[in-house]
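Quick note, the sequence shown lines up with residues 0 to 236 if you use numbering that gives the first Met the number 0.
Virtual Cβ for every residue (Gly too), placed ideally from N, Cα, C.
Quick notes on the structure that follows.
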Amino acid sequence: MNPISRFFKDEKDSEVRKNFRLMSPVLERISFQYNHHTYQVSNLSLGGMGIVIPENHRFPLGGQLSGAILFGEEVCPVKIEFVHITNDILGAKVIDNQTQFAQRLHQYFESEFEGLKVKKMDEAKLNPRKEGKPHWFYSDPQHELFFLTDDQGINFFQLNFQGLIIEMNLNGNITFGEVKEENQKKVKGSDLIVGTEEKMDVVSYAIRFLQYIEDLEEEYKTFIKERIEKAYSAKKR
0 MNPISRFFKD EKDSEVRKNF RLMSPVLERI SFQYNHHTYQ VSNLSLGGMG IVIPENHRFP
60 LGGQLSGAIL FGEEVCPVKI EFVHITNDIL GAKVIDNQTQ FAQRLHQYFE SEFEGLKVKK
120 MDEAKLNPRK EGKPHWFYSD PQHELFFLTD DQGINFFQLN FQGLIIEMNL NGNITFGEVK
180 EENQKKVKGS DLIVGTEEKM DVVSYAIRFL QYIEDLEEEY KTFIKERIEK AYSAKKR
């Protein structure tokens, strides 16, 4: 069973696939802290984790200690027990504060989880567009991706993540915005989107969401990700 599916095995809407694996950038944001030392986490599950230990740090099998898992800047105190030890990896299970640990995992990986639920819609059922071939990936009205391609690749895209709309128009310009409340039930279109500053902190989560849309081709995924990151960096200056 893969790590993320263990996080969400009790979720009714979980559609995580068996071969799913955590990408390394996700784990790079997570660490274990103990006695003023910070250790890299090599793997995670609902019950515990693998901790990368330096050669000069040794822990006894069956030993216990109290430390904290760092999810980015968020701290979750835990007590762990060492159940497996190799030359550089310490396998530990969480034996205290399991409920909070599980909740933090669920919250922290919400973006990735939502991405896994997105499905590619049948292209044969999409209305043709003179600007390019349409592609639509959809889970619910708050989690979807639409884009057009021509002989040169993607020439337009619109990513919707929890109310934040990120759009690249046919001129290649990126807009960050949200749908006006009165237009929520109308046909989607660029004219319905208004600029926003309130949701800009969601951009990094939208990128994480994008990376876990499994049916999305890597070349398209990379293009959209890089264009969003470039525009976001420029906007923050």
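- Positions of the alpha helix (DSSP H) runs, each at least 4 residues long and wholly inside the segment 60-140, are given as 97-107 and 109-115 in order along the chain.
- Per DSSP, the unbroken beta strand (DSSP E) holding Glu166 starts and ends at Leu163 to Met167.
- Non-local beta-carbon contacts of Lys92 in its own chain, meaning distances under 7 Å to residues more than five positions away in sequence, involve Gly46, Gly47, Ile79, Glu80 and Val82 in chain order.
- Sorting Ile29, Leu209 and Ile165 by C-alpha distance to the C-alpha of Phe156 places Ile165 at the top.
- Measuring C-alpha to C-alpha distances from Gly171 to each of Ile227, Asp95 and Ile68 identifies Ile227 as the nearest.
- Nearest to Gly114 by alpha-carbon distance, out of Arg207, Arg128 and Tyr231, is Arg207.
- Residue Ile94 holds the alpha-carbon nearest to the alpha-carbon of Gly62 among Val40, Val74, Asn55 and Ile94.
- Looking at the DSSP output, Phe58 bridges to nothing.
- A straight-line Cα-Cα distance of about 8 Å links Glu130 and Asp149.
- For Leu144, the CB contacts under 6 Å within the same chain, skipping 5 residues up- and downstream, are Phe136 and Leu158 in chain order.
- Straight-line spacing of the CA atoms in Val201 and Leu69 works out to 20 Å.
- Rounded to whole angstroms, the gap between the alpha carbons of Gln32 and Phe112 is 26 Å.
- DSSP, reduced to helix, strand and coil, places Ile29 within a strand of the structure shown.
- Pairing His35 with Val51, the inter-Cα distance amounts to about 16 Å.
- In the structure shown, Gln151 falls within a coil segment according to DSSP collapsed to helix, strand and coil.
- Remark: C-beta atoms of Val77 and Asn55 do not approach each other more closely than 8 Å.
- DSSP places Leu144 within a strand segment (E or B) once states are collapsed to three.
- For Ile50, the enclosing beta strand (DSSP E) stretches over residues Gly47 to Val51.
- Looking at the DSSP output, Gln210 sits in no beta bridge, so it has no partner there.
- According to DSSP, Tyr38 shares a beta bridge with Phe31.
- The Cβ neighbour count for Gly152, taken over all protein chains shown within 10 Å, is under 16; the residue is labelled exposed.
- An exposed status is given to Val74, since fewer than 16 other beta-carbon atoms sit within 10 Å of its beta-carbon.
- Looking at the backbone, the Cα of Met167 and that of Ile223 are separated by about 9 Å.
- Between Ile173 and Ala230, the gap from beta carbon to beta carbon is short of 8 Å.
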